[in-house]
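Under our numbering, the final residue of the sequence shown carries the number 238; numbering is consecutive throughout. Every residue, glycine too, gets a C-beta built ideally from N, C-alpha and C.
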Amino acid sequence: MTPSIDVWHLSLAAARERFDDSMMLLSEDERQRAERFVYPEDAARFALCRATLRAILGEATGSPPRELTFEYGPSGKPRVADAIAFNIAHTRELMVCAVSRDVADLGIDLERIDTTTDVDVVVKHSFSPAERDYLSRLEGADRRRAFFQCWTRKEAYLKARGEGLNAPLTEVNTLSNPSGWTLKDLLIDDTHACCIAFHSARAAEFTISRWCGSPRPQTRTASTESSH
Ligand SMILES: CC(C)(COP(=O)(O)OP(=O)(O)OC[C@H]1O[C@@H](n2cnc3c(N)ncnc32)[C@H](O)[C@@H]1OP(=O)(O)O)[C@@H](O)C(=O)NCCC(=O)NCCS
Numbered sequence: 011m012t013p014s015i016d017v018w019h020l021s022l023a024a025a026r027e028r029f030d031d032s033m034m035l036l037s038e039d040e041r042q043r044a045e046r047f048v049y050p051e052d053a054a055r056f057a058l059c060r061a062t063l064r065a066i067l068g069e070a071t072g073s074p075p076r077e078l079t080f081e082y083g084p085s086g087k088p089r090v091a092d093a094i095a096f097n098i099a100h101t102r103e104l105m106v107c108a109v110s111r112d113v114a115d116l117g118i119d120l121e122r123i124d125t126t127t128d129v130d131v132v133v134k135h136s137f138s139p140a141e142r143d144y145l146s147r148l149e150g151a152d153r154r155r156a157f158f159q160c161w162t163r164k165e166a167y168l169k170a171r172g173e174g175l176n177a178p179l180t181e182v183n184t185l186s187n188p189s190g191w192t193l194k195d196l197l198i199d200d201t202h203a204c205c206i207a208f209h210s211a212r213a214a215e216f217t218i219s220r221w222c223g224s225p226r227p228q229t230r231t232a233s234t235e236s237s238h
């Protein structure tokens with residue numbers, strides 16, 4: 011059977027207006043976390059992302075979103091008791107969430123293709139020799155896009171493993187699939203790079219959909235075979 015992975019994306023533009031509604035879906039510890047943010051817009055984005063994650067998992071598991079209980083791995087990766095793999099990522103503008111019952115573990119990362127990031131410094135300190143060599147052959151906007159794509163591949167893989175950026179970053183080469191894992195670049199929009207990593211060497215099918223709550227809206231479908 012071909013593993014199937016659903017990817018949802020949501021604009022965070024209305025996070026401030028939706029703050030009260032979002033908070034109503036959260037658990038006590040999540041509400042306390044939201045209240046600890048210094049800037050209200052960060053609190054609002056966190057609350058909307060977590061409320062949306064609850065809504066998506068609620069639909070996928072058949073549980074009321076408010077009743078889901080998250081547990082956390084040693085580096086903070088959230089999981090639920092149900093055998094469902096999921097992960098989220100967000101920028102200031104956008105959230106993505108991947109969900110699957112067919113893979114053991116998954117991670118997703120999303121980065122805005124930012125023109126102010128000092129690419130050279132990050133490449134020097136965090137990229138593998140093969141990644142550095144690959145990026146040294148590119149210039150300008152192509153190099154910047156490739157840099158963010160490489161970064162999302164690295165972070166998605168380390169999030170799939172639950173390690174996050176605690177891992178030795180220069181030892182992770184994302185130009186090929188790590189053994190037993192698949193990395194797949196996803197196109198969400200022109201201003202972001204996105205990658206999903208999952209624990210399966212088998213080709214997968216994806217639906218990529220904008221989250222607007224139930225019922226399920228129209229989707230695009232992609233498959234792993236079409237990745238590079
Ligand atoms: C995981 C990590 C890479 C996320 O980086 P980021 O660019 O800030 O955030 P992203 O948008 O990509 O993803 C954030 C989401 O990933 C999930 N997440 C958190 N820790 C995670 C981990 N170790 N592995 C996978 N996913 C994780 C959460 O759902 C989080 O959303 P939330 O903050 O709303 O709960 C980074 O926080 C990290 O390296 N964490 C590990 C460091 C650590 O050990 N911290 C101690 C906390 S216990």
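Beta-bridge analysis with DSSP links Met105 to Leu20 and His100.
At a threshold of 8 Å, Thr127 does not count as near ligand 1, since its beta carbon sits no closer than that to any of the ligand's heavy atoms. Secondary structure in the region 37-87: the alpha helix (DSSP H) runs of 4 residues or longer, each lying completely within the stretch, are 38-46 and 50-71 in chain order. In the three-state scheme derived from DSSP, where H, G and I count as helix and E and B as strand, Ser138 is classed as coil. Our two residues, Arg230 and Thr217, have alpha carbons roughly 6 Å apart in a direct line. With contacts defined as CB atoms closer than 9 Å, Asp115 and Ala170 qualify as a contacting pair. Residue state for Gly150 is assigned as helix, using DSSP reduced to three classes.
Nearest Cα to Leu179 within the set Gln42, Lys134 and Arg122: Lys134.
Check the Cα spacing between Arg212 and each of Lys194, Trp221 and Asp199: the tightest is with Lys194.
Following the DSSP letters along the chain, one finds Asp195 inside the beta strand (DSSP E) bounded by residues Thr192 to Leu196. Nearest Cα to Gly190 within the set Ala177, His209, Gln42 and Asp124: His209. Residue state for Arg212 is assigned as coil, using DSSP reduced to three classes. Beta-bridge partners assigned by DSSP to Gly117: Ala207. The closest heavy atom of ligand 1 lies less than 8 Å from the beta carbon of Phe56.
Inter-residue distance for Ser110 and Pro88 is about 15 Å (C-alpha atoms, whole angstroms). Each of Gly174, Thr201 and Val182 was checked against the Cα of Asn97, and the nearest Cα belongs to Gly174.
If you ignore the 5 residues before and after Gly68, its C-beta comes within less than 7 Å of the C-beta of Pro74, Pro75 and Leu78, all in its own chain and listed in chain order. The alpha-carbon separation between Thr126 and Gly72 amounts to approximately 43 Å.
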